[in-house]
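Inspection log for the structure reproduced underneath, given as structure tokens.
As structure tokens, this is what we get:
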């Protein structure tokens with residue numbers, strides 16, 4: 120099991136990133152809550168990881184904190200919740216917001232996340248409530264520095280692509296991105312604002 124990686128961040132295109140550690144390039148999938156905290160490419164980063172072994176692939180997931188990884192591991196144990204849905208949950212709201220939804224039985228907020236219907240939301244509340252009972256409030260995630268305006272068009276494409284990877288349909292992802300200001304913003308910031316907007320509807 121690969122539990123932790125420390126290396127140079129070579130590339131980041133949500134929800135995937137490439138990390139070089141010990142001369143090996145690791146392809147890692149990460150939730151947006153982790154992307155918001157990543158440094159610029161070329162900088163060393165530490166990720167807490169979880170390896171999923173399937174018949175057709177070995178998938179490595181990375182997280183900025185052990186807390187996020189712990190929630191991911193708890194989520195994929197819930198019947199009907201796979202790794203992709205767990206990433207979508209962690210991308211749509213941070214760990215503490217999710218914990219509040221579970222503790223308060225807030226199915227309305229959970230069903231705003233892609234791929235989660237009323238039955239899945241109710242199942243999450245029932246199965247996750249006891250596991251999250253002791254969670255405490257965490258600090259606010261830092262904002263990522265924006266990239267130069269010249270790269271905005273690529274940033275918009277990357278943002279739409281990332282939302283589609285998280286489970287949104289392409290037209291819906293495009294609408295979400297077009298509804299927020301993209302001037303001078305990185306793809307991570309665009310995605311963050313688009314997800315915030317979706318959660319308010």
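Residue numbers (the working numbering): 120 to 320.
Every residue gets a Cβ at the ideal spot worked out from N, C-alpha and C, and that includes glycine.
Note the first and the last residue of the continuous beta strand (DSSP E) segment covering residue i.
{"i": "residue 123", "result": "123 to 132"}
{"i": "residue 245", "result": "From DSSP, residue 245 is part of no beta strand (DSSP E) but of the alpha helix (DSSP H) over 237 to 247."}
{"i": "residue 232", "result": "Element bounds for residue 232: n/a, residue is neither H nor E."}
{"i": "residue 179", "result": "177 to 182"}
{"i": "residue 166", "result": "163 to 172"}
{"i": "residue 145", "result": "143 to 148"}
Just to confirm, is the Cβ distance from residue i to residue j under 8 Å?
{"i": "residue 285", "j": "residue 207", "result": "yes"}
{"i": "residue 214", "j": "residue 185", "result": "no"}
{"i": "residue 153", "j": "residue 181", "result": "yes"}
{"i": "residue 240", "j": "residue 282", "result": "no"}
{"i": "residue 277", "j": "residue 306", "result": "yes"}
From residue i to residue j, what does the alpha carbon distance come to, in whole angstroms?
{"i": "residue 302", "j": "residue 228", "result": "28 Å"}
{"i": "residue 131", "j": "residue 183", "result": "14 Å"}
{"i": "residue 128", "j": "residue 139", "result": "7 Å"}
{"i": "residue 171", "j": "residue 205", "result": "13 Å"}
{"i": "residue 253", "j": "residue 218", "result": "Legend: pLDDT at residue 253 = 48, less than 50; position of this residue unreliable, value from coordinates given subsequently. Residue 253 and residue 218: Cα-Cα distance of roughly 10 Å."}
{"i": "residue 268", "j": "residue 246", "result": "Any reading at residue 268 is ruled out, since the residue's pLDDT is 36, under 50, leaving its predicted position unreliable."}
{"i": "residue 316", "j": "residue 209", "result": "16 Å"}
{"i": "residue 244", "j": "residue 274", "result": "35 Å"}
{"i": "residue 148", "j": "residue 121", "result": "14 Å"}
{"i": "residue 212", "j": "residue 304", "result": "20 Å"}
{"i": "residue 237", "j": "residue 230", "result": "6 Å"}
{"i": "residue 248", "j": "residue 308", "result": "31 Å"}
{"i": "residue 179", "j": "residue 234", "result": "21 Å"}
{"i": "residue 310", "j": "residue 155", "result": "10 Å"}
{"i": "residue 220", "j": "residue 202", "result": "20 Å"}
{"i": "residue 289", "j": "residue 133", "result": "15 Å"}
{"i": "residue 349", "j": "residue 123", "result": "Outside the displayed range of the chain (120 to 320) lies residue 349, so it cannot be described from this structure."}
{"i": "residue 136", "j": "residue 150", "result": "10 Å"}
{"i": "residue 292", "j": "residue 280", "result": "8 Å"}
{"i": "residue 173", "j": "residue 287", "result": "24 Å"}
{"i": "residue 264", "j": "residue 125", "result": "Reliability of the predicted coordinates at residue 264 is poor, the pLDDT of 27 falling under 50, and the value obtained from them is presented with this limitation in mind. So the two alpha carbons sit approximately 22 Å from each other."}
{"i": "residue 200", "j": "residue 176", "result": "18 Å"}
{"i": "residue 143", "j": "residue 169", "result": "17 Å"}
{"i": "residue 262", "j": "residue 145", "result": "With a pLDDT of 29 at residue 262, under the threshold of 50, the predicted position of this residue should be treated as unreliable, though the coordinate-derived value follows. Cα-Cα distance, rounded: 25 Å."}
{"i": "residue 232", "j": "residue 189", "result": "20 Å"}
From which residue to which residue does the alpha helix (DSSP H) around residue i run?
{"i": "residue 296", "result": "289 to 297"}
{"i": "residue 211", "result": "202 to 211"}
{"i": "residue 135", "result": "From DSSP, residue 135 is part of no alpha helix (DSSP H) but of the beta strand (DSSP E) over 135 to 140."}
{"i": "residue 229", "result": "226 to 229"}
{"i": "residue 314", "result": "306 to 319"}
{"i": "residue 159", "result": "Note, residue 159: premise wrong, no alpha helix (DSSP H); not H, not E."}
{"i": "residue 215", "result": "214 to 223"}
{"i": "residue 186", "result": "185 to 194"}
Step through the CB atoms of chain B and report whether any lies within less than 8 Å of the CB of residue i.
{"i": "residue 204", "result": "No chain B appears in the structure shown, which is made up of a single protein chain."}
For my contact list, residue i and residue j are in at a C-beta cut-off of 8 Å; report their separation, rounded to the angstrom.
{"i": "residue 198", "j": "residue 242", "result": "7 Å"}
Hey, is the region 286 to 301 in contact with the region 218 to 229, meaning 3+ C-beta pairs nearer than 8 Å?
-> no
Between the region 154 to 164 and the region 194 to 202, do at least 3 Cβ pairs fall closer than 8 Å?
-> no
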